[in-house]
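Below: the structure, in structure tokens.
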Amino acid sequence: MKVLLLNCGSSSIKYKLYDMSDHSVMAAGGIEKIGSAGSFIKTKLPKADKTLCDIPDHNTGVQLVLQTLTSPENGCIHSLDEIDAVGDRIVHGGPFSESTLLTPEIFAEWKKCALGLAPVHSEVQAKSIEAISKCLPNVPQVGIFDTAFHQTIPEHAYLTSLPYEFYEKYGIRRYGFHGTSFRYVLQRSAQVLGFNANEKRIIICHIGNGISVSAIKEGVCIDTTMGMMPNDGPMMGTRTGDMDASALLFLMEKENLTPAATLDLISKNSGLLGISGLTNDMREIVEAAQSGHSRAQLALDMYCYRLKRYIGAYAAILGGVDYIIFTAGVGENQPPVRKGCLEGLEFMGVQLDIETNEKVYGQETVISTPDSKVTVAVIPTDEELMMAQDTMQVVTKQK
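Printed below as a string of structure tokens:
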């Protein structure tokens, strides 16, 4: 079975084509700057290439991806008939608790809830799904929801403390994101480290430009840091993470900020970028901090402190912790961040192997000492493979 994966952002489309007979990636690439000057399509496989194109919208982008897959220059299949299924990464799944075949009825149900909860991402994802339906009318599509993994969180943990009527009217609650990554890392950690997830207390730290930390007990998520939108939790690359709502209202009044401008402020101009005044790239933050840049050091200190605060809090709600797992770009590749958010947790039984930690970049490796009561490890994520497996399983089940 050949499975095409699409991951649509507000101005981008990433794609991968898998041959599921051996899980190999036949094609990979992406489109960026959709709707803007300088838009382009970039291919990584089967060969590296970049072409400037006029890409006014996601519908055009999806068509261009399909053309690229069959093109003599950058393609890997002779006909679109070779595509057996399409998996769509959907950021906000609302109440959906598992990957689902996108029948017209399911698609309509998802749109009804998701366009209200996350309009920016959901609108472009809906257009992508509709474009595939037109171009490949006989190919099944599967929705893989970032929020699905977190639907096991109990009510007392997912509700906000706003009046209950707003949950009933608008669905305001903690949904959580990065769920596909958490599912993959949980499964892979159990395989690599040799434990039964149903018997362990696990904290997984998905640390990229966006950050999610999840508490997992007996194989299911019982809490996670991101909320109704992906801005809650620890400080991130460009997002504030947790902040005082009253301070935000104060700032809106003083700076005469509209809701849209405020959303840009807390999601695109804050976090590492806002504190350092330099960048949201952790590699550059670490380098600047090591060179003596005081605000880069402050940003790094704040970042690690807030991560540590959540690790401690989740150890409390889990009643202890057996495994702490780091994943995603920063979690896999930044030893100073791992060290910074684990220092001081020795009272919990965490003993970091300093030398091993410094050497680990993107490898499946235990970074705690042999006598550490808590096993700490780096397990690189592979969301796309998890999505491809989901798509194949859902489609196969329908036959």
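Using the working numbering, you'd call the opening residue of the sequence shown number 8 and step up by one each time.
Glycine included, C-beta positions come from ideal geometry on N, C-alpha and C.
Since this is a predicted model, take the numbers as computed values, not measurements.
Between the alpha carbons of A320 and G215, how many angstroms are there, rounded? Distance between the alpha carbons of A320 and G215 is about 20 Å.
Where the beta strand (DSSP E) through N216 begins and ends: Secondary structure note for N216: it is in no beta strand (DSSP E), with a DSSP letter that is neither H nor E.
For a minimum of 3 consecutive residues, which ranges assigned as the beta strand (DSSP E) are wholly contained in the stretch 288 to 342? Here the runs fully enclosed are 330 to 334.
How far does the beta strand (DSSP E) with E39 in it reach, from first residue to last? Counted as a single uninterrupted DSSP element, the beta strand (DSSP E) harbouring E39 occupies residues 31 to 39.
Let me check understanding here. Comparing Cα to Cα, which of E353, K346, L352, I332 lies closest to K207? If we check each option's Cα against that of K207, I332 comes out closest.
For the alpha helix (DSSP H) that L1 lies in, which residues bound it at each end? In the structure as shown, the chain begins at 8 and stops at 406. Residue 1 is therefore absent and cannot be evaluated.
Please report the straight-line C-alpha distance between L279 and C15, rounded to a whole angstrom. Whole-angstrom Cα-Cα distance: 25 Å.
With a threshold of 6 Å on Cβ separation, who are the neighbours of K224 within its own chain once the five nearest residues in sequence on each side are excluded? Around K224: R208, L325.
Strand pairing of K23, partner residues [DSSP]: Beta-bridge pairing links K23 to L12, A35.
With distances taken from CA atoms, which of I273, A267, Y310 is nearest D288? Of I273, A267, Y310, the residue nearest in Cα terms is Y310.
Close-in-space but distant-in-sequence residues of the same chain around K49 (CB under 6 Å, 5 per side omitted): So the list reads G36, G37, K57, once near-sequence residues are dropped.
Could you check what DSSP says for T398 in three-state terms: helix, strand or coil? Helix.
Residue from C120, R313, C142 with nearest C-alpha to L349: When each option's Cα is compared against that of L349, the closest is R313.
Hey, how far is the Cα of F184 from the Cα of G244? Computed Cα separation, rounded: 16 Å.
So is I361 buried or exposed if we call it buried at 16+ other beta carbons inside 10 Å? Result: exposed.
If we call anything under 8 Å between Cβ atoms a contact, is M33 one with M8? M8 is positioned such that its CB atom lies no closer than 8 Å to that of M33.
Need the endpoints of the alpha helix (DSSP H) that V149 sits in, please. Premise fails: V149 lies in the beta strand (DSSP E), 148 to 152, not in any alpha helix (DSSP H).
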